Amino acid sequence: MTQHNIHLYYKNVTSEVIGTEHGISKTQFDQLAQTTAPLIAELNRQRKAGKTPYRDLPYNETYPQQVKTLAQQVRQNCETFVVLGIGGSALGNIALQTALNPFMYNLDDKQRSGPRLFVFDNVDPHQFGSFLEWAADKLDKTVFNVISKSGRTAETAAQMLVIFDLIEKKLGPDGLKKQVIATTDAREGTLRKIADAAALRTLEVPDGVGGRFSVLSPVGLLSAAVCGIDIDALLAGARAMDARCSSENFFNNPAALNAAINRHYYHRGKPISVMMPYSYSLKDMSDWYRQLWAESLGKRNDLKGNEVCIGPTPVKALGTTDQHSQVQLYREGPNDKLFTFLQVDQFNRDVIIGPAPKNAPELSYLAGQPMSRLLNAEKVATEYALLHDKRPCLTVLFDAIDAGTVGQFIYLFEVTTSLAGLLFNINAYDQPAVELGKDATFALMDKPGSEALAEKIRPFAAMDQAFMS
Ligand code: PA5
Numbered sequence: 500m501t502q503h504n505i506h507l508y509y510k511n512v513t514s515e516v517i518g519t520e521h522g523i524s525k526t527q528f529d530q531l532a533q534t535t536a537p538l539i540a541e542l543n544r545q546r547k548a549g550k551t552p553y554r555d556l557p558y559n560e561t562y563p564q565q566v567k568t569l570a571q572q573v574r575q576n577c578e579t580f581v582v583l584g585i586g587g588s589a590l591g592n593i594a595l596q597t598a599l600n601p602f603m604y605n606l607d608d609k610q611r612s613g614p615r616l617f618v619f620d621n622v623d624p625h626q627f628g629s630f631l632e633w634a635a636d637k638l639d640k641t642v643f644n645v646i647s648k649s650g651r652t653a654e655t656a657a658q659m660l661v662i663f664d665l666i667e668k669k670l671g672p673d674g675l676k677k678q679v680i681a682t683t684d685a686r687e688g689t690l691r692k693i694a695d696a697a698a699l700r701t702l703e704v705p706d707g708v709g710g711r712f713s714v715l716s717p718v719g720l721l722s723a724a725v726c727g728i729d730i731d732a733l734l735a736g737a738r739a740m741d742a743r744c745s746s747e748n749f750f751n752n753p754a755a756l757n758a759a760i761n762r763h764y765y766h767r768g769k770p771i772s773v774m775m776p777y778s779y780s781l782k783d784m785s786d787w788y789r790q791l792w793a794e795s796l797g798k799r800n801d802l803k804g805n806e807v808c809i810g811p812t813p814v815k816a817l818g819t820t821d822q823h824s825q826v827q828l829y830r831e832g833p834n835d836k837l838f839t840f841l842q843v844d845q846f847n848r849d850v851i852i853g854p855a856p857k858n859a860p861e862l863s864y865l866a867g868q869p870m871s872r873l874l875n876a877e878k879v880a881t882e883y884a885l886l887h888d889k890r891p892c893l894t895v896l897f898d899a900i901d902a903g904t905v906g907q908f909i910y911l912f913e914v915t916t917s918l919a920g921l922l923f924n925i926n927a928y929d930q931p932a933v934e935l936g937k938d939a940t941f942a943l944m945d946k947p948g949s950e951a952l953a954e955k956i957r958p959f960a961a962m963d964q965a966f967m968s
């Protein structure tokens, strides 16, 4: 089988195409190469020193083996597989499912090669309540994968407590052993404690790998394997991209080019980075990317402790849907965005457009044409219109969408993020700003030990009627 690849196309950010005011000149590209090449070497050194363990996940042989064994067990008697997690413990799972399984997967038995999949990454009672109502008499055929490094994340913990209670009441204490798999820290944390005490089946969240970099670990692999996704091909794709992203030749390294171009535009009045797939399958990859980019690069302090309050703002859009929603702004609004299109060369299936009625000859140009041609024409048309208005555009071109190219894409954007972190001179692997909101939630939910914070929050929590209109 021919191996498909992805490619980063960057001509449409050059001054040759969009002029010198907004484009990058040859000299500027050479400067970017000079600044970035030593950082590629630095990232390679960090990896050798064990500081970026996510880089080695595609080479780990134990995790895929464990995942496949467990997936095989699950598939024997499971009609619905449910992931309970949030942030890095959910977005990758959703992205893989949307990218690699058919749109009607959950509804059409013929298009499904595994159980239905639901990923709950919220605590919305309307949503979760509806699911519980549907699942109540199907619990013995439903497997829940609780994913949390810590086990203390309020959303995941709340969902887990609801499910545990339900399973224990309906299926007895042994039900948990059959219907729940925990993915968590190998040794410590609340979920590890609970899982060990209840003798649950478990997988580990690898040490030193943050949630948003964990999709190629058991965190993302189990739901993928259960739903029939070829995880070996996914990891092989990531390894293929690793070779490209480790190259110290700037122009041969798509992660280096991508990071350098993004950082260049951030400092050139374009702090917004729009990812716009022209493929519904890739739409949730933008959500995954949005978390990776925002949590990794949005930082108050640089590595020396100076206050810099830096970070590009990732925005997701979908072609063609958002042509009818956002493109007006993108073309005529402020020129403060870098666009990254995701384009697919060969779609896995196509639909031929039907004939035009005799009374509507103005539609006959569409008749007989493949829908993929229209979708890709609209991508080029939108890009052309943006270039006309001097808006810089990158394209990630997929030869086709399969597990291999998706693995390449994930790895490309993970390494891009690491390199962007070095270029911005910030720590891309922590998320200190998320903590205050988490602690405030604990306080508002009356968690013991949070009383002092609850007191501070009180004036903000009570709505002041004087300001209610
Ligand atoms: O990327 C991250 O680190 C976060 O998004 C976490 O994945 C998220 O907060 C969930 O944390 P936990 O796995 O501890 O429940």
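Per our numbering, the very first residue in the sequence shown carries number 500; after that it's consecutive.
We put the beta carbon where it would ideally sit given N, CA and C, even for glycine.
Remember, it's a predicted structure, so these values are computed and weren't measured experimentally.
- The continuous stretches of alpha helix (DSSP H) do not include S746, and DSSP gives it neither H nor E.
- DSSP places A919 in no beta strand (DSSP E) but in the uninterrupted alpha helix (DSSP H) bounded by A902 to F923.
- Residue range K525 to K547 is occupied by the alpha helix (DSSP H) that includes F528.
- Remark: fewer than three beta-carbon pairs, one from each stretch, lie closer than 8 Å, so the segment 577-597 and the segment 750-758 are not flagged as touching.
- Between I505 and the set R767, G903 and Q964, the nearest pair of CA atoms involves G903.
- In this structure, L837 sits near P891, with a CB-CB distance shorter than 7 Å.
- Under the three-state reduction of DSSP, T820 is assigned to helix.
- Nearest to R789 by C-alpha distance, out of K803, L781, R799 and T812, is T812.
- Shown here, H763 sits in a helix according to DSSP, grouped into three states.
- Taking A634 as the centre and dropping the five residues before and after it, the same chain places the C-beta of T641 closer than 6 Å to its C-beta, in chain order.
- Below 8 Å, too few C-beta pairs join the segment 874-881 and the segment 851-858 to call them touching: fewer than three.
- Taken atom to atom, the span from the alpha-carbon of A697 to that of N847 is near 43 Å.
- Taking 8 Å as the upper bound for CB-CB distance, N644 and I693 are not in contact here, some 14 Å apart.
- The Cβ atoms of Y509 and L893 sit closer than 7 Å to each other.
- Taking 6 Å as the cut-off, one finds no heavy atom of the ligand PA5 near enough to the beta carbon of T904.
- Set against 6 Å, the gap from the CB of I680 to the closest heavy atom of the ligand PA5 is not smaller.
- Assignment of beta strand (DSSP E) within the segment 636-686, counting only whole runs of 3 or more residues, yields 641-646 and 679-684 in chain order.
- Taking D835 as reference, the option from K857, V773 and E934 with the minimal CA-CA separation is V773.
- By alpha-carbon distance to T916, the top candidate from M967, R711, D801 and K668 is R711.
- Collapsing the DSSP output to three states places Q825 in coil.
- At a threshold of 6 Å, T652 counts as near the ligand PA5, since its beta carbon sits closer than that to one of the ligand's heavy atoms.
- At the C-beta level, N924 and L796 stay beyond 7 Å of one another.
- Straight-line spacing of the CA atoms in H823 and L817 works out to 10 Å.
- Within the segment 776-857, the runs of beta strand (DSSP E) at least 3 residues long that lie entirely inside it are, in chain order, 798-800, 806-809, 812-815 and 836-845.
- According to the DSSP assignment, R957 belongs to the alpha helix (DSSP H) that extends over E950 to A960.
- Look at S629 here: in three-state DSSP terms it is helix.
- Bounds of any alpha helix (DSSP H) do not take in V618; it lies within the beta strand (DSSP E) bounded by R615 to F619.
- Sequence-distant partners of L699 (beyond 5 residues in either direction) whose C-beta falls short of 7 Å from its own C-beta, in its chain, are L675, K676, V679, I680 and A681.
- Taking the Cα positions, P601 is about 8 Å away from R611.
- A distance criterion of 6 Å places the beta-carbon of K648 in contact range of the ligand PA5, judged by its closest non-hydrogen atom.
- In the structure shown, Y508 falls within a strand segment according to DSSP collapsed to helix, strand and coil.
- Where D938 is concerned, the enclosing alpha helix (DSSP H) starts and stops at V933 to L943.
- With a contact defined as Cβ atoms closer than 8 Å, A942 and L952 qualify at about 4 Å.
- Within the segment 544-623, the runs of alpha helix (DSSP H) at least 4 residues long that lie entirely inside it are, in chain order, 561-576 and 590-599.
- Residue pairing by DSSP places T513 opposite I523 in a beta bridge.
- Per DSSP, E861 is not a residue of any alpha helix (DSSP H), being assigned neither H nor E.
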